[in-house]
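Residue numbering for the sequence shown is 661 to 754, as defined by the numbering used here. In this text, a Cβ means the ideal position worked out from N, Cα and C, and glycines have one as well. Model, not experiment: these values are computed from the prediction. Have a look at the structure below, then the notes.
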Amino acid sequence: MEQVRLLTIAPASWGRQKVQMFFSSSDRQARYSRELRSTEGVLATPEDLRGSQVLDPSVIQAVIHFYEQDWISRVSPNKSDVILIKQQPIPKRF
Numbered sequence: 661m662e663q664v665r666l667l668t669i670a671p672a673s674w675g676r677q678k679v680q681m682f683f684s685s686s687d688r689q690a691r692y693s694r695e696l697r698s699t700e701g702v703l704a705t706p707e708d709l710r711g712s713q714v715l716d717p718s719v720i721q722a723v724i725h726f727y728e729q730d731w732i733s734r735v736s737p738n739k740s741d742v743i744l745i746k747q748q749p750i751p752k753r754f
């Protein structure tokens, strides 16, 4: 993210390929920095979209409930196939 931000300081007259060669950046970074400079300005911080939305606890519970149904997955027959969650043994499901 910081690298893309710094690429926005390149002169506006430079093309994508010149920015890419001068800064040894990828094609995607050069394109994104030009777009960012035209919309937000020089040294603008790009928006980070990774992990920005947290799942609702009800969605998490619905997914867990779905995968714990016997017609979706089954408990491992091997007695040693367990994982410990808060010191409680939970059998693995396949």
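- Spanning the alpha carbons of Gln689 and Leu715 requires a straight line of approximately 29 Å.
- Val702 is not a Cβ neighbour of Ile724, given a cutoff of 8 Å.
- In the DSSP assignment, Pro671 falls outside any beta strand (DSSP E) and carries neither an H nor an E.
- Under the DSSP assignment, Pro751 falls in the beta strand (DSSP E) whose first and last residues are Gln748 to Pro751.
- Around the beta-carbon of Leu744, fewer than 16 other beta-carbon atoms lie within 10 Å, marking it exposed.
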